[in-house]
Amino acid sequence: MDWDQFDLNPKVVAALKKADIKSIKEILNLSGADLQRLMKLSSADIQCLLKTVSHTLRRNSMITALQLYQDKDHLTSQHQKLSLGCSVLDTLLKGGIPLVGITELAGESSAGKTQISLQLCLCVQYPYRYGGLESGAVYICTEDVFPSKRLQQLIDQQHKLRADVPAEIIRKIKFGNSIFVEHAADLDTFHNCITKRISLLLTRGMVRLVVIDSIAALFRCEFGVSDSVTKARYLQTFGAQLHSLSTRFRTPIMCINQVTDAVSESEAAQCSCSVVGNRVCSALGITWANQLLMRLMVSRVPQPAPSSGVASHPTGSVRTLRVVFAPHLPPSSCCYTVKLEGVKGIK
Amino acid sequence: NQEDSVSLLPLSPAVYALNKTNFYKARRLPFSRKIGISKEEALEALQVVRQECHGDATRTAGGSGTTRKCTALELLEEEQAQGFIITFCSALDNILGGGVQLTKITEICGAPGVGKTQLCMQLAVDVQIPECFGGVAGEAVFIDTEGSFMVDRVVEIATACVQHCQLIAETHQEEDNLKALETFSLESILSHIYYFRCRDYIELLAQVYLLPDFLSEHSKVRLVVVDGIAFPFRHDFEDLSLRTRLLNGLAQQLIIIANDHKSAVILTNQMTTRIGQSQSTLVPALGESWGHAATVLKMWARKVLTNGTFENLFQTVKFVFYIVSQCSNLRLRSLLSIP
């Protein structure tokens, strides 16, 4: 670190070099008293040093909420979200998936989690004005084989799902080319995948969506009851890495999670499920939940029909998408079906 | 030795911040040979500055100065006279003892999704409520470490708050209220929330070092939110003693800020599982020593069961502003006691 370029007293610069301090991080990691002792300077000098380096790090870091609200630039705006490809579902989520943060999609098997994720992998490839991010997706499979046949079906039917997009635009997108599939069945492979493969794809701008199907499978077999501390540490590390990637590249991370039965009262209370007899909560517990921006739950139990006027679908194929928590959404839900062309919400 | 005498000057961060220009002059004089004044002249200049600093400190609200003496009774009376940030949610205000207290740090702990960020966003709006409606007419600093500050939600909350005040003004028809409403609008509320995004603990530390100067430049700020304090510190820290020391340092700085700038400081904390012998319990994260570091009122936002449905403390808060935006009646269910 070239301390000469900072607006510091020459005496302070000399002391920094003599104490072999090489980075701003080192300075901020030390307490005021330690710095005084190490650099043999007065407390006032140290205060000045701390403020100068902090200022260098945090120049122009303030923005008012009004500026955030008025920012319409699709590269920086909070209003920009990743559409789900269906206007009903997008309305539930007030636009779609937020671009920065980890979104979890939890639910029982065959509730539709993979369907929604595949649909997102196609949606992300559309232009910005149609709710996409004009980029590809990376899909990490941790247990099952990637459903390539179903993906092909969805690709073939895009014109039917996305009636809002002109046909020439749909034809021009080479959907299959921009979906990168990775397999990671254990924690080490997964760690490598995040730190190397995904970082590379994001840096090159080739993807703007990461799907992990599923995060729970990675932890199911490897940890016994006594390993909960290690498990928590892994979860925190992965969560932090994913969060950091998401922030740096403004890329949504979609994590699919399984559900387990809520056995105790406190667990049941946490899943905020008011349907009696359906007490399931997301797997992986509070350590993982702390990393999330938004949690969505899908289930096959339909909501009771609000009125007799609602068009009836065969009950078996109706699913419910529920917002469990999100900083910008009230707890709400809507129904959807899985059709040949994809997932469609029901008003 | 002139350097020693300067370093012995008990210049607290508050005084330093209040008189930034004077202080810089004072700082530079003895050490910069470029100005070329004698040591005696420097010392004399410092005496003058020092007197000015003390004068300013006692004149400015909340400035603690360095050699102010007062009795414990005076301190107690001062403390009881401090303002509160009201939330327009009577259940919440009651539990807090009137509202969120200025000059104090409040830590909000809770499980994910319980509403900690919601409450912070609401307080960033409520701190701006004009005095004639019972507010402190302040501004807010929002430090976001998790990226969960969604401005669209703040817009909803701010709109509901303005409507609530308009309702009060219409009912009572007092001139003060109507005049205050002229400047209390969605745009003005949003423009007085100063947002900082810190992506790791180093950025957070740096931001807090810069806060006193920022608050001196924006003297109307009455609320500082750090959402959340735990997130940047809960991974990648093999050296737990470093973490404890950094957190304690942060807490000390925030206590000084809360006091010197007559502001409320709100920190949100995560919950973690403490594995006991027979069962595991949820406790606030960041360890035992963190709990003792600050003068803190801990709010344990837990889900409680009432009447066969699941609710939580902040469910009422959410419920409130959805109701406020739709009707004029503000009725809240009473909650079970919070441990």
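Quick mapping for you: the protein sequence lines, in order, are chains A and B.
Under my numbering, the first residue of the first sequence is numbered 1, with each subsequent residue one higher.
Under my numbering, the first residue of the second sequence is numbered 1, with each subsequent residue one higher.
Think of the CB as a built atom: it goes at the ideal place given N, C-alpha and C, for glycine as much as any other residue.
For clarity, every value in this text was computed on a predicted model and none was experimentally measured.
| Item | Value |
| --- | --- |
| Cα-Cα separation between R208 of chain A and C48 of chain A, rounded to whole angstroms | 42 Å |
| Distance between G138 of chain B and A180 of chain B (C-alpha atoms, nearest Å) | 13 Å |
| Own chain partners of H192 of chain B with C-beta closer than 8 Å, once the 5 adjacent residues on each side are dropped | Q128, E139, A140 and K220 |
| C-beta contact flag for K231 of chain A and F249 of chain A at 8 Å | no |
| Simplified DSSP assignment, three categories, for Q101 of chain B | strand |
| Under the three-state DSSP convention, the category V151 of chain B falls into | helix |
| For T189 of chain A and S61 of chain A, the rounded distance between their alpha carbons | 37 Å |
| Spatial distance of Y209 of chain B from E182 of chain B (CA atoms) | 36 Å |
| Presumed contact (8 Å Cβ cut-off) between N269 of chain B and E107 of chain B, rounded CB distance | 6 Å |
| Rounded C-alpha distance that separates M297 of chain A from V259 of chain A | 9 Å |
| Under the three-state DSSP convention, the category T76 of chain A falls into | coil |
| I275 of chain B - containing beta strand (DSSP E), residue span | M271 to I275 |
| Listed by chain order, chain A residues near Q270 of chain B by CB distance under 7 Å | N290 |
| Cut-off 7 Å between Cβ atoms - residues of its own chain near K81 of chain A, not counting five sequence neighbours on either side | G95, G96, I97, P98 and L99 |
| Contacts of H55 of chain A in chain E (Cβ-Cβ under 7 Å) | Considering every chain present, this structure includes no chain E. Its protein chains are A and B. |
| Under 8 Å by beta carbon: chain B residues contacting M1 of chain A | Here the premise fails: no neighbours, minimum Cβ distance about 14 Å. |
| Helix, strand or coil at H55 of chain A [DSSP, three-state] | helix |
| Within-8 Å CB hit, H74 of chain A to chain B | no |
| 8 Å Cβ cutoff met for R322 of chain A and C335 of chain A | no |
| Close beta carbons around Q279 of chain B, own chain, < 8 Å, minus the five adjacent residues each side | none |
| Burial state of P166 of chain A, where buried means 16 or more other Cβ atoms lie within 10 Å | exposed |
| Chain B within 8 Å of K231 of chain A, Cβ atoms only | no |
| Check whether D213 of chain A and S282 of chain A have beta carbons under 8 Å apart | no |
| The region 173-189 of chain A in contact with the region 125-142 of chain A per 3-pair CB rule at 8 Å | yes |
| Outcome for D45 of chain A when other beta-carbon atoms lying within 10 angstroms are tallied against a minimum of 16 | buried |
| Buried or exposed (CB count within 10 angstroms, at least 16 for buried), R59 of chain A | exposed |
| DSSP state of H328 of chain A mapped onto helix, strand, coil | coil |
| Residues from the region 109-139 of chain B in contact with chain A, defined by Cβ distance under 9 Å | A111, P112, G113, V114, G115, T117, Q118, M121 and A124 |
| Backbone secondary structure at P232 of chain B - three-state DSSP | helix |
| Min CB distance T159 of chain B to chain A below 8 Å | no |
| Exposure of R243 of chain B, with buried meaning 16 or more beta-carbon neighbours within 10 Å | buried |
| Beta-carbon contacts of G132 of chain A that lie in its chain and below 8 Å, excluding the five residues immediately before and after | L82, S83, C123, V124, Q125 and Y126 |
| Among A:V13, A:D186 and A:R129, the one whose alpha carbon lies nearest that of K72 of chain A | A:R129 |
| Contacts of G131 of chain A in chain B (Cβ-Cβ under 9 Å) | Those do not exist, as G131 of chain A stays about 16 Å from chain B at its closest Cβ, beyond 9 Å. |
| For K172 of chain A: DSSP bridge partner residues | In the DSSP output, where bridge partners are listed per residue, K172 of chain A has none listed. |
| Within chain B, partners of Q78 of chain A - CB distance below 9 Å | F149, M150, V151 and D152 |
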